[in-house]
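So the sequence shown is numbered by my numbering: it starts at 72 and just counts up by one.
The beta-carbon is built from N, C-alpha and C at its ideal position, and this holds for glycine as well.
Let me begin by presenting the structure, written as structure tokens, before commenting on it.
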Amino acid sequence: ALDGMLSTLSDPLYVSVDIDVLDPAYAPGVATPEPLGFTLQELLDGLWYLKDREILGFDVVEVCPPYDNGSTCISACKILMDLSIMSLSKHNLVE
Numbered sequence: 072a073l074d075g076m077l078s079t080l081s082d083p084l085y086v087s088v089d090i091d092v093l094d095p096a097y098a099p100g101v102a103t104p105e106p107l108g109f110t111l112q113e114l115l116d117g118l119w120y121l122k123d124r125e126i127l128g129f130d131v132v133e134v135c136p137p138y139d140n141g142s143t144c145i146s147a148c149k150i151l152m153d154l155s156i157m158s159l160s161k162h163n164l165v166e
């Protein structure tokens, strides 16, 4: 299903990740926690479908530090790191 949806998008892409899609176990520091949301790994696996696409830019939104115990920021950093690697790999800037 994800492959079909992604095939309808044209490059370049801007990827915006609303972190409250994650289950509160992985991202408690959000304004609107989503019980039974995705695990961090499920989200990352979905994002990696974009590895061969032209990513123009990306962001992670809805991190709310006053509600965070540190795990939301760690999850956001992991998402940003993976998106950075994907974007740089497309331009042969990392291996």
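Apart from the five residues just before and just after residue i, which ones in its own chain have a Cβ nearer than 6 Å to its Cβ?
i, result
"Gly108", "Val92, Leu93, Asp94"
"Asp139", "Gly100"
Quickly, what does DSSP pair residue i with across the bridge? List them, please.
i, result
"Glu93", "A quick correction: the sequence has Leu, not Glu, at residue 93. Note: Leu93 sits in a beta bridge opposite Phe109."
"Leu84", "Ile126"
Which word fits residue i, buried or exposed, when buried means at least 16 other C-beta atoms lie within 10 angstroms of its C-beta?
i, result
"Met152", "exposed"
"Ser81", "exposed"
"Thr143", "buried"
So residue i packs on residue j, CB below 8 Å; how close in whole Å?
i, j, result
"Leu121", "Leu84", "7 Å"
"Ile126", "Met76", "Going by Cβ atoms, the distance from Ile126 to Met76 rounds to 16 Å, so no, they are not a contact pair."
In its own chain, which residues sit with a C-beta less than 7 Å from the C-beta of residue i, not counting the 5 before and 5 after it?
i, result
"Asp89", "Val132, Glu133"
Taking only runs of the beta strand (DSSP E) that begin and end inside the region 106-138, which ones reach a length of at least 3 residues, in chain order?
Counting whole runs of 3 or more residues, the region 106-138 contains the beta strand (DSSP E) stretches 126-132.
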